[in-house]
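All remarks here apply to the structure that follows.
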Amino acid sequence: MKYKAICYLSNIKPSLNKGEIDDLMDFSVHQNNKRAITGLCILLDNHFYQILEGEPNAVDELFSKIKKDNRHNGLIKLIDKPIKDKIFAEYYGGDFAIVKKRVDVNKLKIYLEWLKNANIPEINELLLLTENFLKYNNGL
């Protein structure tokens, strides 16, 4: 196993304001890039949907911190599995991506379609979960 992917869904605490969420996202992008963790965080309808991918120890350590964070609740881990290659290494210039605007969602949908056409069986479950999250959470 070269890399690991974890995907989870959680509810944003209602007490968080837009500025606090923006600060959290800026901090997350910086920290994830520093640790060579790729993936994305989608913010829609007061939910976080996040995919983390990278070295197994780095991903596990980060997810352990995420589980303890009180800025969200109702965390459900959807996927935790080894992957041969990073799925989002080519997305957003290889940086960790935040998806919260219409243009971000549209760009992600194009990338997901490209991944589907690549026909990589190992990522089908992750693609389906992400597409369904967008479809059923006001993903435009």
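The numbering of the sequence shown is my numbering, which starts it at 3 and goes up by one. Backbone N, C-alpha and C fix where the C-beta goes; we use that ideal spot for every residue, glycine too.
Quick check: the Cα distance between residue i and residue j, rounded to an integer number of angstroms?
| i | j | result |
| --- | --- | --- |
| residue 18 | residue 27 | 12 Å |
| residue 6 | residue 128 | 13 Å |
| residue 99 | residue 123 | 23 Å |
| residue 60 | residue 8 | 11 Å |
Taking the beta strand (DSSP E) that residue i falls in, what are its first and last residues?
| i | result |
| --- | --- |
| residue 79 | 74 to 85 |
| residue 151 | Any question about residue 151 goes unanswered here, given that the chain covers just 3 to 142. |
| residue 44 | 40 to 46 |
| residue 100 | 99 to 101 |
Could you check where the alpha helix (DSSP H) with residue i kicks off and where it finishes?
| i | result |
| --- | --- |
| residue 22 | 20 to 36 |
| residue 70 | 58 to 70 |
| residue 112 | 104 to 120 |
Buried or exposed for residue i, please, with buried defined as at least 16 other CB atoms from any protein chain shown within 10 angstroms of its CB.
| i | result |
| --- | --- |
| residue 32 | exposed |
| residue 35 | exposed |
| residue 105 | exposed |
| residue 66 | exposed |
| residue 92 | exposed |
| residue 85 | buried |
| residue 78 | exposed |
| residue 120 | exposed |
In the structure shown, what three-state DSSP assignment does residue i receive?
| i | result |
| --- | --- |
| residue 125 | helix |
| residue 50 | strand |
| residue 55 | strand |
| residue 88 | coil |
Excluding the 5 residues preceding and the 5 following residue i in the sequence, name in chain order all residues of the same chain whose CB lies nearer than 8 Å to its CB.
| i | result |
| --- | --- |
| residue 14 | 23, 45, 48, 49, 50, 73 and 74 |
Apart from the five residues on each side of it in sequence, which residues of its chain come closer than 6 Å, Cβ to Cβ, to residue i?
| i | result |
| --- | --- |
| residue 113 | 93 |
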